[in-house]
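Residue numbers (this note's numbering): 9 to 211.
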């Protein structure tokens, strides 16, 4: 797996959208109508997701709890309660299922929940993918590749940034072997700690 994207918690999506634009990034909303996120794509490597609220309503959270998926709700609540800034990553494979990843999680005795996801982006493209949420909220969530690649080709941001070069991500020591087996991306640098410490860029 590779790092799919790094999540940035914002307390005001519109304000952060404008702030990153002022820093020289091209920012796009996740959808045309009532977007809950905004995205900063790079032609190569991980992208950035600006997130104000969890991508599910309070009603859906209640349904998930009734279905025995309280751990997923706990993860979403932790996102909403994060301080503003980079806080989490998502790992992505290059296929349409999690067969390989499920074997690795089973090896480490980690439970999980898989669901389908879909949205129509700001360019009117229908994007479909699957998500895997480990029960252990200290382990990043996973996704399959998008049904269509939304990244621009040969794109350089106005501030000359080409891609994310390195993500310093802290986790508990017992999860480092699992993440090392799941992810073979040189972009990701693990250490004993909590969450995203730093994101470095390449011009």
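The C-beta atom is built at its ideal place from N, Cα and C for all residues, glycine as well. Note that the coordinates shown come from a computational prediction; the quantities given were computed from them, not determined experimentally.
Unbroken beta strand (DSSP E) runs of no fewer than 3 residues, entirely contained in the region 126-151, are found at 134-142, 149-151, following chain order.
Rounded to the nearest angstrom, the gap between the Cα atoms of residue 48 and residue 119 is 31 angstroms.
Looking only at 25, 55, 23, the smallest Cα-Cα distance to residue 173 is reached by 55.
Here residue 172 carries a strand assignment [DSSP, helix/strand/coil]. Cβ atoms of residue 165 and residue 10 stay farther apart than 8 angstroms, at about 20 angstroms.
By the beta-carbon neighbour count (other beta carbons within 10 angstroms, threshold 16), residue 206 is exposed.
The alpha-carbon separation between residue 147 and residue 208 amounts to approximately 22 angstroms. Annotation: the continuous alpha helix (DSSP H) that includes residue 85 extends over 78-88.
Around the beta carbon of residue 195, 16 or more other beta carbons sit within 10 angstroms, so the residue counts as buried. Contact between the region 137-154 and the region 176-196 is present: three or more C-beta pairs spanning the two stretches fall below 8 angstroms. According to the DSSP secondary-structure assignment, residue 56 is paired through a beta bridge with 14, 48. Rounded to whole angstroms, residue 121 and residue 138 show a C-alpha spacing of 11 angstroms. Excluding the 5 residues flanking it on each side, residue 40 has same chain C-beta neighbours closer than 7 angstroms at 130, in chain order. Between the C-alpha atoms of residue 168 and residue 50 there is a straight-line separation of about 11 angstroms. With contacts defined as CB atoms closer than 8 angstroms, residue 112 and residue 189 qualify as a contacting pair. The three-state secondary structure of residue 210, taken from DSSP, is strand. In terms of Cα proximity to residue 142, the closest of 28, 106, 44 is 106. Sorting 140, 117, 124, 155 by C-alpha distance to the C-alpha of residue 134 places 155 at the top.
For the pair residue 201 and residue 95, the CB atoms are not nearer than the 8 angstroms cut-off.
For the 8 angstroms CB-CB criterion, residue 15 and residue 46 do not form a contact. Residue 32 is classed as exposed because its beta carbon has fewer than 16 other beta carbons within 10 Å across all chains shown.
Just so you know, the alpha carbons of residue 93 and residue 18 end up roughly 7 angstroms apart.
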